[in-house]
Amino acid sequence: MYQQYQPGWLEVITGPMFAGKSEELIRRIRTLSYAKKSIVCFKPAIDDRYAKEEIASHAGNMWEAKAVKDVSEIKEFLKDKKYDIVGIDEVQFFNSKIVDVCEYLADKGVRVMVAGLDKDFRGEAFGVMPELLTKGEFVTKLTAVCAKCGSPATRTQRLVDGKPASFDDPVVLVGAVDHYEPRCRHCHEVVNKPIKIKRRTKSSQ
Ligand code: ZN
22 MYQQYQPGWL
32 EVITGPMFAG
42 KSEELIRRIR
52 TLSYAKKSIV
62 CFKPAIDDRY
72 AKEEIASHAG
82 NMWEAKAVKD
92 VSEIKEFLKD
102 KKYDIVGIDE
112 VQFFNSKIVD
122 VCEYLADKGV
132 RVMVAGLDKD
142 FRGEAFGVMP
152 ELLTKGEFVT
162 KLTAVCAKCG
172 SPATRTQRLV
182 DGKPASFDDP
192 VVLVGAVDHY
202 EPRCRHCHEV
212 VNKPIKIKRR
222 TKSSQ
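Going by our numbering, the sequence shown opens with residue 22, and the numbers climb by one from there.
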């Protein structure tokens, strides 16, 4: 894939939960490992759902990854080292400095592959993702299957104690049982979502 290009670019894999983002990242990394490329992967230390030092997919595949607290730890690790491939999973949890790191590495000839949620449970853009999606040369937007109607799912439904979460709910609700499932646009529910309808004016057309 993409062999004719000069080395160094940014690939972004995105979509809702259960769309196979980590799975796709692992697949690409594994393929490149057969080509004897030097590879390093990172993930935020907060994501320890499946494995501490691995990228893990819901489907059960894994690849070794350094769990890091923040972007500076990635920079520190990469100082004086040269890799062909840098992979980052759950990239939506890093702050905006991750964009500079991805850009710097891609400029230096590294193939940078990141995977992350494009939207939060409210259906709003997730942190740094819009900028990464803009800067990336290649974007793969995956869909899951809506748990309610079977359509392609582009959103992550959050259920708190079995009910749709409220727009104002904090990301972590102490004492509540959180559950997530993929949903399509039409079945995605957010309680108390502010309605933003812009009236078209002549000047905005
Ligand atoms: Zn649906």
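Built from N, CA and C at the ideal position, the CB exists for glycine as well.
Pro215: buried (16+ other C-beta within 10 angstroms of its C-beta) or exposed? exposed
First through last residue of the alpha helix (DSSP H) which encompasses Glu97: 92 to 99
Count the CB pairs spanning the segment 148 to 158 and the segment 172 to 192 that are closer than 8 Å, and state whether there are at least three. no
Who are His200's beta bridge partners in DSSP? By DSSP's assignment, His200 forms a beta bridge with Leu180.
Taking the alpha-carbon positions, what's the Asp190 to Ala165 distance? 24 Å
Between which residues of its own chain and Cys123 is the CB-CB distance below 6 Å, once the five residues before and five after are set aside? Taking C-beta separations shorter than 6 Å and ignoring five residues to either side along the sequence, the partners of Cys123 in its chain run Leu31, Val133, following chain order.
Under 8 Å, do Ala168 and Asp182 count as touching if we go by C-beta distance? Taking 8 Å as the Cβ cut-off, Ala168 and Asp182 do not qualify as a contacting pair.
Look at the Cβ atom of Ile67, then the Cβ atom of Gly108, and state whether they are nearer than 8 Å. no
Cβ pair Lys118, Val135 closer than 8 Å: no
Own chain partners of His79 with C-beta closer than 7 Å, once the 5 adjacent residues on each side are dropped: Phe39
Three-way DSSP call (helix, strand, coil) for Phe63 in this model: strand
Listed in chain order, which residues are found with a beta carbon closer than 6 Å to a heavy atom of the ligand ZN? Cys167, Lys169, Cys170, Ser172, Arg204, Cys205, His207, Cys208
So within the segment 143 to 191, which uninterrupted alpha helix (DSSP H) runs reach at least 4 residues, ignoring any that extend past its ends? 150 to 156
Neighbourhood of Asp141 by C-beta distance below 7 Å, restricted to the same chain and skipping five residues each side: Phe147
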